[in-house]
Amino acid sequence: MTRAVLKAHVERAVATVQVTDIHTHLYDPAFGDLLLWGIDDLLVYHYLVAEAFRYMEMPYDTFWALPKSRQAELVWDALFLQHSPISEACRGVLTTLNALGLDVKKRDLPALRKWFRNQKPDRYITRCMEAAGVREIYMTNSPFDDQERPVWENGFKRDERFKAALRIDPLLLSWNDASKKLAEWGYKVSSSLTPKTISQVRKFLADWSRRMDARYLMVSLPPDFAYPSLNTCNRLIEEVVLPHCREFNLPFALMPGVRRQVNPQLCLAGDGVGRCDMMALNELFSRHPDNKFLVTMLSRENQHELCVTARKFRNVHIFGCWWFTNVPALIEEMTRMRLELVGLSVTPQHSDARVLDQIIYKWKHSREIIARVLVEKYEQLRLTGWRPTREEIQRDVEALFGNEFKRFCGQS
Ligand code: RAT
Ligand code: ZN
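For the sequence shown, the tail end lands on 405 under the numbering used here, and the numbers increase by one without skipping.
As structure tokens, then:
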């Protein structure tokens, strides 16, 4: 295989592989309006709102009191008309519109809105998934979400393409409020972690894992997460979550590094980042070899340590370039580092899409970068005299875009 043929094989394999998108904030269509899509939702994405506020002078509250359509117009004006839209989140909107066949150079928001008004949600989901090359979408599902919970409780016919992930941030990070909720929902819990309370919280997780057919449990953690410690969060992890995950054979996904509400006036856009103590996480992984941990970290500074951790603990699977790391410069750096230090037993990317149409740009942008890094790696192999076959390349690419995640989870 010549260099050019090798490059073409790798690029084709990456461009066409059907992706398992293992972490999003999208919903099965049965959740109705919770599944966001269309130009206004693309524009009020919190990644863009944070950028728009850097130019807007109006008070935060004034912006939030406006209807979504007006907010979208303000973001469009600040980020697309008054300045060139070069940030990753801005460029993403244009990549998406372009892939849908829309003419972005006209800068015609009313025309874009008209086009989206004519889309029918059911067909549009398929269209976006096909354009993105996404086969399965993992949702983020919280029993603590008042809009979401009743849908699960009433039951609905599942769309097979959407898988559930049970999100438990409130349980671990705001136990006082969460315990009151559990009591309201009929679980016999008190605010102190008595044996009775522990077993009732396990029942809560069991009920919701079954109800959702959850594929993993998930939490985001602050930068100062400490382990071991006798605090409530640690006790709940040790005595409730990890035993539950072992019993149900479910991985526990950790997303450490988010400092929530650094600027509360920005609402959803107000969270920040901080470096975590990797030793604390290593200790957690080391003490629980029978648990599986999916891990993505928010701080760039933690990425190298995380790769080393994955080399030490086979119960750890690295995934995604999360949120502030989901920009081309860092995706490239992190993907190269992961492949060089860990090899192919990682899932380089997830989309974290909150708006359906975003899967188009998130995957297009990431595929280009991952392909570039892979071409470089196979080329380095070729120079040693090793000849990767077409089938081997296809196998490896499928591993990176979903199969390795499934193998790790025991779901392949
Ligand atoms: O990336 C995001 O949209 C963030 O707001 C978070 O939702 C983050 O991805 C998370 O899952 O906590
Ligand atoms: Zn997320």
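No residue lacks a Cβ here, since even glycine has one placed at the ideal position from N, Cα and C.
*asked:* Check for me: the alpha helix (DSSP H) holding H358 runs from which residue to which?
replied: H358 -> alpha helix (DSSP H) spans 351 to 376.
_Nonlocal neighbours in the same chain, by C-beta distance under 7 Å from R84, ignoring five residues either side_ = Same-chain partners within the cutoff: P78.
*So, is L349 buried or exposed, given that buried needs 16 or more other C-beta atoms within 10 angstroms?*
Its Cβ being crowded by 16 or more others within 10 Å, L349 is buried.
*Is any heavy atom of the ligand ZN found at a distance shorter than 7 Å from the C-beta of T133?*
Within 7 Å of the C-beta of T133 there is at least one heavy atom belonging to the ligand ZN.
*asked:* Can you check which of these residues, N275, V251, Q258, is closest to G265 by C-alpha distance?
replied: Of the listed residues, the one whose Cα sits closest to G265 is V251.
*By Cβ distance below 7 Å, which residues in the same chain neighbour Y131 in space, the five residues on each side in sequence not counted?*
Around Y131: D14, I15, H16, T17, K156, A158, R208.
_Residue closest to V127, alpha-carbon to alpha-carbon, out of Q342, R400, V97, P244_ = Taking the Cα of V127 as reference, the smallest distance to any Cα among Q342, R400, V97, P244 is reached at Q342.
*Do you know how far the Cα of R195 is from the Cα of L240?*
For clarity, residue 240 is Glu in the given sequence; the question names Leu instead. Taking C-alpha positions only, E240 is separated from R195 by approximately 10 Å.
*The alpha helix (DSSP H) spanning T487 covers which residue range?*
The structure shown has nothing for residue 487, since the chain only spans -6 to 405.
*What residues match up with M211 in a beta bridge as DSSP calls it?*
M211 is bridged to R160, A246.
*For P423, count neighbouring Cβ atoms within 10 angstroms of its own Cβ and tell me buried if that reaches 16, exposed if not.*
Given a span of -6 to 405 for the chain in the structure shown, any question on residue 423 remains unanswerable.
*Is the number of C-beta pairs between the segment 360 to 374 and the segment 47 to 61 that are closer than 8 Å three or more?*
No: fewer than three Cβ pairs fall under 8 Å.
*Is the segment 199 to 207 in contact with the segment 254 to 274, if contact means three or more CB pairs nearer than 8 Å?*
Because the criterion of three Cβ pairs below 8 Å is not met, the segment 199 to 207 and the segment 254 to 274 do not touch.
_Where F241 falls: helix, strand or coil (DSSP)_ = Note: F241 maps to helix in three-state DSSP.
_Rounded to whole angstroms, what is the Cα-Cα separation between M430 and K357?_
Residue numbering for the chain in the displayed model covers -6 to 405; residue 430 lies beyond these limits and cannot be assessed.
*Classify F149 as buried or exposed, calling it buried when 16 or more other Cβ atoms lie within 10 Å of its own Cβ.*
Its Cβ having fewer than 16 others within 10 Å, F149 is exposed.
*asked:* Since V309 and V288 should fall inside the 8 Å C-beta cutoff, what is the C-beta to C-beta distance between them, to a whole number of angstroms?
replied: About 6 Å; that satisfies the 8 Å criterion.
*If you draw a straight line from the alpha carbon of L337 to that of Y40, how long is it in whole angstroms?*
Going from the Cα of L337 to the Cα of Y40 covers about 30 Å.
*Rank R154, T(-5), R160, Q193 by C-alpha distance to the C-alpha of K173 and give the top, closest one.*
If we check each option's Cα against that of K173, Q193 comes out closest.
*What residue from T119, H76, A(-3), H2 has the CA that sits closest to D21's CA?*
Among T119, H76, A(-3), H2, the Cα nearest to that of D21 is on T119.
*asked:* Are the CB atoms of T89 and I353 within a distance shorter than 8 Å?
replied: At a Cβ-Cβ threshold of 8 Å, I353 and T89 count as neighbours.
_Could you check whether V86 and L425 sit closer than 8 Å to each other, using their CB atoms as the reference points?_
Outside the displayed range of the chain (-6 to 405) lies residue 425, so it cannot be described from this structure.
*Please go through the segment 299 to 334 and give each complete beta strand (DSSP E) segment of 3 or more residues, from N-terminal end onward.*
For the segment 299 to 334, whole beta strand (DSSP E) runs of length 3 or above, ordered along the chain, are 309 to 311.
_Using a Cβ-Cβ cutoff of less than 7 Å, which residues in the same chain neighbour I362 once the five nearest sequence positions on both sides are dropped?_
Around I362, the same chain offers P321, I324, E325, T328 as residues with beta carbons nearer than 7 Å, after the five sequence neighbours per side are excluded.
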